[in-house]
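The structure under discussion appears below in the form of structure tokens.
Protein chains: 2
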Amino acid sequence: MLTLKHLRVIEALNDSGSLTRAATRLHLTQSALSHQLVALEAHYGVALFERSRPLRATPAGVRLLALAQEVLPKMEAATRDLTRLAEDNQPGRLRIAVECHTCYDWLMPGMDAYRAHWPEVEMDLVGGFHTDPLALLHEDKADLVIVSETARHKGVTFSPLFRYEMLALMATGHPLASKAYLTARDFAHDPLITYPAPDRLLDVVRRVLKPAGVNPERRLAELTIAIVQLVASRKGLAALPAWAVQPFLERGYVVARPIGKNGLWSGLYTAARDSDASRAFHRDFVDTLREQAFMTLPGIEPLGA
Amino acid sequence: MLTLKHLRVIEALNDSGSLTRAATRLHLTQSALSHQLVALEAHYGVALFERSRPLRATPAGVRLLALAQEVLPKMEAATRDLTRLAEDNQPGRLRIAVECHTCYDWLMPGMDAYRAHWPEVEMDLVGGFHTDPLALLHEDKADLVIVSETARHKGVTFSPLFRYEMLALMATGHPLASKAYLTARDFAHDPLITYPAPDRLLDVVRRVLKPAGVNPERRLAELTIAIVQLVASRKGLAALPAWAVQPFLERGYVVARPIGKNGLWSGLYTAARDSDASRAFHRDFVDTLREQAFMTLPGIEPLGA
DNA sequence: CAATTACATGAATTTTATTCATACATGCTT
DNA sequence: AAGCATGTATGAATAAAATTCATGTAATTG
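If you read the protein sequences in the order shown, they are chains H and R. Going by my numbering, the first residue of the first sequence is number 1295, and it counts up by one from there. Going by my numbering, the first residue of the second sequence is number 1295, and it counts up by one from there.
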């Protein structure tokens, strides 16, 4: 009666603290999870979670959580071994190209985690920034690129990683801090501090400022910490991923506000040649990246196909 | 895609060496198992068993077997803990009464295995033999009795353990050893050596000799080894469970033959008061007994409800 | 080389899981 | 306190998956 599916549900419930969030994470409806949980609890005659917010595991829930943490990794390791036994053991190679500056924050831990499972796969980072990263796939200069848009493209498979919110950053006590969220024209009067990247890759510019015809003075900085520093010293505004600025917000260095009423959300995807994307070591890399991101980055959300 | 069910199937296949036997052991049809195995192998693109007789695990099969042996005990331990958390922790008691002499052979190891899982359950053997063991349940002198027949009985739950073959034992070189199997009249001319138990409990007498009106001279012995000794010294014939005589046959001390064309098969069951039989520690005792028996006794078969 | 035994397979059936459409509960805002 | 917003529960409908049934096919044995 107790199945692996149940263990995954329990893990997701504990991580996310809510049926609804756990459901989206597992690509199921809230209803499905509710049925499952109720059925499991009824079968053993024991409550697994207190229906509080957030959900809290009972002793029985904790017991199953421990089981899940023991058993699920073993299952995954075994299926990996199985796919390895199945494939013609030609070793894999992953030359990875990255479009966005902040991506290194989570890419490095992801690559480390992956290396533990697939030591035989040779990983490389393709240096520099590129005008057309997808071309790298066709030119066989990269095997996997991380991009912020999915355009159907012959011979290329895209896989969603996650979506995240871009927040507007300003100095503490900045007049705009009194607003609940910023709009395009709020950016008109302060310099905008960005990475040295083409506008095409700067979501605020491309999706908010340019459509509104707002074109503030610009200032460049290479590193996230440098951008935050400049904002804190009242040199201008910036827009950065929520996860990247989280630590600075907690220490009160700067203030962040959503961009637009519903916030400005961006997605990240991997792209790979079809022939590579279907291979197990490739798929597992994407899965590992996604999992690692959800474990370490606060405030990110699942991203549908 | 890989589920616990698959792991159980793979374990059963490896133990039994055949889809058909594994299927009966799992209370499924051969067809169901074939579908499962084929689907699993197709999904990972790898063979798990060579279709030889007996079935032999491939490297991939061995890998999953290792997984099963790691994971399944953990699952069982967790469900036990769950039922313990569920029940009002009144400690259980198991006073066990046994009808058949040879039962101690497998009962003791079974009790040992059970003690490891349920240390808090107090186990006792109710000594001596009893004319009506079921009465012990009503008189509250025993909590579980092991019997060879199931009669519906108000307030008593029977659970099947296994079935086994009774073999006729004779000295090496005995004239009857030339027959493929023995019939009732073959017993007429030699003394019959039995345990000191009422005829009702001696399956050969009750189900073969008495119906045929055959009534040989009798001789008694307390211990299995003593019975075998007497048979070997040409003092008479005996009928004992196949599993009990297996070691003596292997060493050539005596010879065994089936009784009747299809053999003489007996079943064993547990009986307990309904109120007890539904409790987790009780059900788990019966499961442990059954499992232990199948692990240690050669030639026994599953027994339907 | 039958006869037997065991595995595979397609279609039908049963069982189980999931969704859909709501109802119900809880907390927050005005 | 009424009205939203958010989150969980539930019954019925639907979809998906597992199992059986009824065979066919392959391997094994006397």
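Beta carbons: idealized from backbone N, C-alpha and C, even for Gly.
Classification of D1570 (chain R) by the beta-carbon crowding that lies within 10 angstroms, buried from 16 upward: buried
At least 3 beta-carbon pairs within less than 8 Å: the stretch 1533-1552 of chain H vs the stretch 1385-1401 of chain H: yes
Backbone CA spacing between A1371 (chain R) and L1597 (chain R) [nearest angstrom]: 25 Å
Length-filtered (3 minimum) beta strand (DSSP E) runs lying within the stretch 1330-1411 of chain R: 1387-1392
Contact under 8 Å by Cβ, V1508 (chain H) with R1479 (chain H): yes
Beta carbon of M1460 (chain R) nearer than 8 Å to that of V1525 (chain R): no
Sub-8 Å separation of T1564 (chain H) and L1431 (chain H) beta-carbons: no
Within 8 Å, strictly: CB atoms of D1484 (chain R) and P1505 (chain R): no
Nearest neighbour of A1436 (chain H), chosen from H:A1445, H:E1443, H:H1424 and H:P1592 [CA to CA]: H:H1424
Inter-residue spacing [alpha-carbon to alpha-carbon] between D1309 (chain H) and T1444 (chain R): 50 Å
Per-residue contacts from G1339 (chain R) into chain H (C-beta, under 7 Å): A1380
Cβ distance (whole Å) where L1428 (chain H) is taken to contact D1497 (chain H) below 8 Å: Going by Cβ atoms, the distance from L1428 (chain H) to D1497 (chain H) rounds to 18 Å, so no, they are not a contact pair.
CB of L1486 (chain R) within 8 Å of CB of G1546 (chain R), strictly: no
Per-residue contacts from T1373 (chain R) into chain H (C-beta, under 7 Å): L1296
Proximity test, Cβ basis, 8 Å: M1464 (chain H) and chain R: no
Rounded C-alpha distance that separates T1314 (chain H) from L1301 (chain R): 31 Å
Proximal chain H residues relative to T1564 (chain R), where beta-carbon distance stays under 9 Å: Result: empty, since nearest Cβ-Cβ is about 22 Å, beyond 9 Å.
DSSP three-state assignment for T1564 (chain H), whether helix, strand or coil: strand
Inside the stretch 1444-1481 of chain H only - beta strand (DSSP E) runs reaching at least 3 residues: 1450-1465
Under 7 Å (Cβ pairs) to chain H, residues found in the stretch 1347-1375 of chain R: P1353, A1354, R1357, L1358, L1361, E1364, V1365, K1368, M1369, A1372, T1373 and D1375
Counterpart residues of D1418 (chain R) in DSSP-defined beta bridges: R:R1389
Residues in the stretch 1315-1340 of chain H having any Cβ partner in chain R nearer than 8 Å: Y1338, G1339 and V1340
Residue of H:T1373, H:D1375, H:L1376 and H:Y1338 minimising C-alpha distance to L1358 (chain H): H:Y1338
Within chain R, the residues that T1377 (chain H) reaches when beta carbons sit closer than 7 Å: Y1338
Beta-carbon gap between A1316 (chain H) and L1327 (chain H) smaller than 8 Å: yes
8 Å Cβ shell around E1543 (chain R) - same chain, five flanking residues per side excluded: In the sequence as displayed, the identity of residue 1543 (chain R) is Leu instead of Glu. Taken in chain order, the residues that qualify are V1549 and A1550.
Identity of the residues DSSP links to I1519 (chain R) by a beta bridge: Per DSSP, none; premise fails for I1519 (chain R).
Same chain, Cβ closer than 6 Å to T1377 (chain R), five either side skipped, listed in chain order: A1574
Per-residue DSSP class, three states only, for E1433 (chain H): coil
From R:A1410, R:Q1523, R:A1471 and R:P1541, residue whose alpha carbon lies closest to that of P1552 (chain R): R:A1471
Cβ-heavy atom distance, G1593 (chain H) to the ligand GTP, below 7 Å: Absent from the structure shown: the ligand GTP. Ligands present: none.
C-beta atoms of L1298 (chain R) and T1297 (chain H) nearer than 8 Å: yes
Straight-line gap, G1449 (chain R) to S1442 (chain R) (C-alpha atoms, nearest Å): 18 Å
With 16 other Cβ atoms within 10 Å as the buried cut-off, status of G1422 (chain R): exposed
Status (buried if at least 16 other CB within 10 Å, exposed otherwise) for A1410 (chain R): exposed
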